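Numbering (our numbering), first residue to last: 236 to 417.
Cβ coordinates follow ideal geometry from the N, Cα and C atoms, glycine included.
Computed from a prediction, not measured in an experiment: that's the story for all the values here.
Working notes, beginning with the structure itself.
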DNA sequence: GTCCGGATCTTT
DNA sequence: AAGATCCGGACA
């Protein structure tokens, strides 16, 4: 099982969102590692994407997205749920992939279908914003899993984004029971 | 300073 | 179908 390196993230965001399907997210904190397989992602394409946070400009909250690829961008939605994203492409492009659902593999007792549940299960909160996925306590691994058929759908909860809301930038493993919605 | 709406989840 | 709950961003 091999940890994904910087170059994996420094690529087209849609390619990263697709290739993250089937990879394993690991949270190490000195106890038993918690891990799950990624079954659903969404691509956010930078400052021109009206659904992407970076489209409203560079601020303290979105600073991490504007930084180098391979770091975690974590934010709070609806005042109560955290969302974990992976920064992609070259520094300054401000693109990211949202991790929406995992199939629990080890050390996880609760469901991870949905970005909020995923973060709660792994104990990820805003203190993880900016944390390096190539070298930190949060890691993405490749275990050679062969990806089955993939479906593409419009992203969830971004209806305000006009034409961008209709683009099929959500990727999921077809028919997988752990996706957040069919 | 005030106001508004959200990349959600749980409960009814 | 609705409520919880709060921060960032937009205005003034």
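Under the three-state reduction of DSSP, which class applies to residue i: helix, strand or coil?
i: residue 313; result: coil
i: residue 253; result: helix
i: residue 271; result: strand
i: residue 394; result: helix
i: residue 409; result: coil
i: residue 276; result: strand
i: residue 293; result: coil
i: residue 346; result: coil
i: residue 306; result: strand
i: residue 285; result: coil
Would you kindly report the start and end of the unbroken alpha helix (DSSP H) that includes residue i?
i: residue 298; result: 298-301
i: residue 351; result: 350-357
i: residue 400; result: 398-401
Measure the Cβ-Cβ separation of residue i and residue j and say whether it is below 8 Å.
i: residue 335; j: residue 276; result: yes
i: residue 411; j: residue 261; result: no
i: residue 301; j: residue 278; result: no
i: residue 245; j: residue 325; result: yes
i: residue 396; j: residue 285; result: yes
i: residue 382; j: residue 249; result: no
i: residue 264; j: residue 365; result: no
i: residue 283; j: residue 297; result: no
i: residue 333; j: residue 347; result: no
i: residue 363; j: residue 373; result: yes
i: residue 239; j: residue 375; result: yes
Under the assumption that residue i contacts residue j (Cβ atoms under 8 Å), give the Cβ distance between them as a whole number of angstroms.
i: residue 311; j: residue 361; result: 6 Å
i: residue 422; j: residue 409; result: The requested residue 422 is not part of the displayed model; the chain covers only 236 to 417.
i: residue 378; j: residue 236; result: 5 Å
i: residue 343; j: residue 257; result: Wrong, their Cβ atoms sit about 17 Å apart, outside the cutoff.
Check each candidate in the options and name the one with the smallest Cα separation from residue i.
i: residue 399; options: 315, 280, 416, 356; result: 280
i: residue 241; options: 323, 328, 295, 259; result: 323
i: residue 352; options: 293, 415, 252; result: 415
i: residue 370; options: 305, 407, 243, 278; result: 305
i: residue 338; options: 407, 254, 265, 249; result: 407
i: residue 350; options: 238, 251, 308, 292; result: 308
Which residue marks the beginning of the beta strand (DSSP E) containing residue i, and which one marks its end?
i: residue 241; result: No beta strand (DSSP E) contains residue 241, which is instead part of the alpha helix (DSSP H) from 241-244.
i: residue 339; result: 330-341
i: residue 376; result: 373-377
i: residue 387; result: 385-388
i: residue 414; result: Unbroken run through residue 414: none, as it is neither H nor E.
i: residue 262; result: 259-262
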